[in-house]
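Numbering (the UniProt record's numbering), first residue to last: 4 to 534.
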Amino acid sequence: KILILDFGSQVTQLIARRVREAHVYCEIHPNDVSDAFVREFAPKAIILSGSHASTYEAEDLRAPQAVWDLGVPVLGICYGMQTMAAQLGGAVEGGKTREFGYAEVRAHGHTRLLDGIQDFATAEGHGMLKVWMSHGDKVTALPPGFKLMASTPSCPIAGMADEARGYYAVQFHPEVTHTVQGRALLERFVLQIAGAKPDWVMRDHVEEAVARIREQVGDEEVILGLSGGVDSSVAAALIHRAIGEQLTCVFVDHGLLRLNEGDMVMDMFAGKLHARVIRVDASELFLGELAGVSDPEAKRKIIGRLFVDVFKAEAAKLKAGTEGHKGATFLAQGTIYPDVIESGGAKTKKATTIKSHHNVGGLPEQLGLKLLEPLRDLFKDEVRELGVALGLPHDMVYRHPFPGPGLGVRILGEVKKEYADLLRRADAIFIEELRNFRDEASGKTWYDLTSQAFTVFLPVKSVGVMGDGRTYDYVVALRAVQTSDFMTADWAELPYALLKKVSGRIINEVRGINRVTYDVSSKPPATIEWE
Ligand code: XMP
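Spelled out as structure tokens, the structure:
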């Protein structure tokens with residue numbers, strides 16, 4: 004196993020991800036763990052992360068002495084390189100300017116780490132790497148035993164190596180995807196230089212995560228808000244695997260879910276997994292409070308507030324204990340690593356901000372419950388893999404995101420049950436056909452080729468003709484987008500045959516809708532949702 008010592012960089016977690024991608028087990032720990040901890044951990048190799056700090060300002064940001072005494076390979080990244088230089092007898096100086104962004108690095112000296120790894124070669128035959136840099140200080144003198152491994156014009160020592168000891172360091176960030184060969188470089192360090200075996204798979208992660216949850220929870224009880232989305236579903240399945248009946252899931256049905264969604268969630272978790280799930284049917288409450296409200300922000304606020312109220316009431320009962328249950332002390336959330344970054348709480352040893360989940364922000368404190376977040380270190384695609392390893396169905400694990408306020412933001416203006424029922428049926432047809440149609444070139448379904456697709460209800464009527472009669476019915480818009488981060492998005496160029504099939508089916512099968520349109524707006528300036 005690999006030990007990653009975290010000096011507080013925002014991207015430390017990406018190092019772990021790259022090591023996991025090489026199928027090697029790793030753990031991240033703060034840089035100031037004790038020498039005894041490092042020895043007991045018995046790592047195959049150690050990676051020192053970057054940091055926001057400077058080696059001057061931060062006298063306490065050093066690697067434990069044991070790192071250098073163990074005799075295992077060490078890779079220093081950015082600040083990790085600087086502290087390696089400072090601790091082993093080299094020199095580091097504060098740079099006058101910060102270097103930030105794309106850089107081209109020249110490889111030197113045919114080291115085991117970089118030899119043969121390059122993006123292009125110069126006319127003179129030097130191997131060059133396209134990398135991402137972010138630093139102010141730099142190493143200005145190599146420690147004894149080290150040779151130059153990489154350089155840039157503004158950073159003459161951008162990489163150094165002491166191959167006899169297996170010490171390597173780079174000033175750039177191999178863990179980010181902007182560094183084209185970064186993955187290859189980390190893989191080489193972990194597999195070839197450290198000699199770790201690439202035998203770690205998601206199934207092992209399940210066992211490790213289960214063991215951690217059991218250790219953290221002991222014989223106490225846990226509540227989890229189940230939404231049917233990927234993250235809360237995977238968290239529920241994982242925690243249930245770990246502690247079974249000690250977990251109670253609360254599933255709040257606000258009446259603004261997709262067709263049959265509530266039943267599907269219950270079938271999966273209560274039916275197949277035999278988890279304890281409390282389904283709260285709050286649709287009348289939600290629809291009642293939403294009556295007459297058409298402003299999008301007002302609608303969102305109402306839905307958010309009611310959700311918290313309903314969930315809190317249920318959680319309070321569970322906290323107090325019910326027959327056969329002594330009372331919950333933990334609240335579990337499906338927070339994943341990107342949520343942690345988004346809320347500014349990247350896992351540095353100093354800052355561990357807790358995600359304010361869109362639906363249950365601040366709840367653990369208000370309810371006096373401890374927080375359990377077993378997916379906190381994982382990226383979305385890893386969460387999906389974990390879900391598959393836990394036996395959740397592929398369609399559930401690879402589904403599109405669904406907003407917390409649900410159909411509430413997909414029915415324009417006032418929300419009515421009649422509208423929600425029409426929308427649900429139309430949307431189910433759209434999704435069904437997206438799953439049926441395959442793109443010939445890639446062999447993938449259009450559901451998998453789009454990032455998010457849904458139907459929007461427009462509360463306006465237009466005239467149509469059906470059989471011999473005139474109709475005067477509602478309109479829906481189909482929306483399908485492709486995006487990697489949901490910050491920007493392109494509308495998807497769905498095949499006409501697919502659009503034709505969907506519109507034909509909706510108009511024929513959903514009495515009350517007589518016109519289907521396709522939304523051809525990108526984000527920005529439009530948003531993905533209509534409200
Ligand atoms: P927009 O419409 O802002 O949507 O382009 C970007 C992504 O965020 C989702 N979304 C939400 N998700 N609660 C959520 O959990 C919300 O209130 C919410 N509003 C928008 C939206 O579905 C899209 O994936």
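Ideal Cβ placement from N, Cα and C applies to all residues, glycine included. Computed from a prediction, not measured in an experiment: that's the story for all the values here.
beta-carbon residue i near the ligand XMP non-hydrogen atom, thresh 7 Å
i	result
V343	no
F489	yes
P406	yes
R413	no
E532	yes
Q485	no
Q369	no
residue 611	No answer is possible for residue 611: the residues shown for the chain start at 4 and end at 534.
Q455	yes
K526	yes
R308	no
R482	no
R261	no
R244	no
R387	no
R303	yes
Same chain only: Cβ atoms within 6 Å of residue i, ignoring 5 sequence neighbours per side
i	result
A144	G93, A94
S506	V519
F149	M163, D165
P367	L334, L374
F44	L6
V311	none
V213	R244, A245
L290	G258, K420
R441	T448
A456	L437, A483
T155	A106, V108, A161
Other residues of its chain near residue i: CB distance less than 8 Å, five sequence neighbours each side excluded
i	result
V209	L241, R244, L389, A392, L393
A323	G330
A56	F10, G11, L64, Y82
L395	S236, V237, A240, M271
K352	Its pLDDT being 39, under 50, K352 is placed unreliably in this model, and the value from its coordinates should be taken loosely. Counting only Cβ-Cβ distances below 8 Å, and skipping sequence neighbours, we find D9, G11, P33, N34, D35.
R20	E178, F382, E385
R101	S137, H138, G139
R387	V233, V237, V400, Y401
Sequence-distant residues of the same chain with beta carbon closer than 7 Å to residue i, five excluded per side
i	result
D38	P67, Q68, A69
G119	none
Q219	L375
D476	K464, G467, G515, I516, N517
Host alpha helix (DSSP H) of residue i (start-end)
i	result
residue 536	Residue 536 falls outside the range modelled here, since the chain spans only 4 to 534, and no answer is possible.
H181	It is not in any alpha helix (DSSP H) - H181 carries neither H nor E in the DSSP assignment.
L452	449–452
F310	299–323
I339	First-last for I339: undefined, no H or E at that position.
R387	383–392
S154	No alpha helix (DSSP H) contains S154, which is instead part of the beta strand (DSSP E) from 150–155.
L91	No alpha helix (DSSP H) holds L91; DSSP gives it neither H nor E.
K275	That residue, K275, is in no alpha helix (DSSP H); it is neither H nor E in DSSP.
R279	Note, R279: premise wrong, no alpha helix (DSSP H); beta strand (DSSP E) at 279–284.
Limits of the unbroken beta strand (DSSP E) element including residue i
i	result
F254	250–256
D9	5–9
H138	130–138
V95	94–96
S465	455–469
Q485	472–485
Any chain C beta carbon closer than 8 Å to residue i
i	result
V77	No chain C is part of this structure, which consists of one protein chain only.
### Given 8 Å, three or more beta-carbon pairs between the region 63–74 and the region 120–128
no
### Query
Is the number of C-beta pairs between the region 274–287 and the region 182–195 that are closer than 8 Å three or more?
no
### Message
I want to know whether the region 365–380 touches the region 412–425 - three or more CB-CB distances under 8 Å.
### Response
no
### Task
Check whether the region 296–313 touches the region 470–482, counting contact only when three or more Cβ pairs, one atom from each stretch, lie closer than 8 Å.
no
### Cβ contact (3+ pairs, closer than 8 Å) linking the region 194–205 and the region 305–314
no
### Message
So, does the region 127–136 touch the region 202–221, judging by three or more C-beta pairs under 8 Å?
### Response
no
### Query
For the region 423–432 against the region 449–467, are there 3 or more C-beta pairs whose distance is under 8 Å?
yes
### Query
Touching or not, the region 212–228 and the region 249–262, by the rule of three or more beta carbon pairs under 8 Å?
yes
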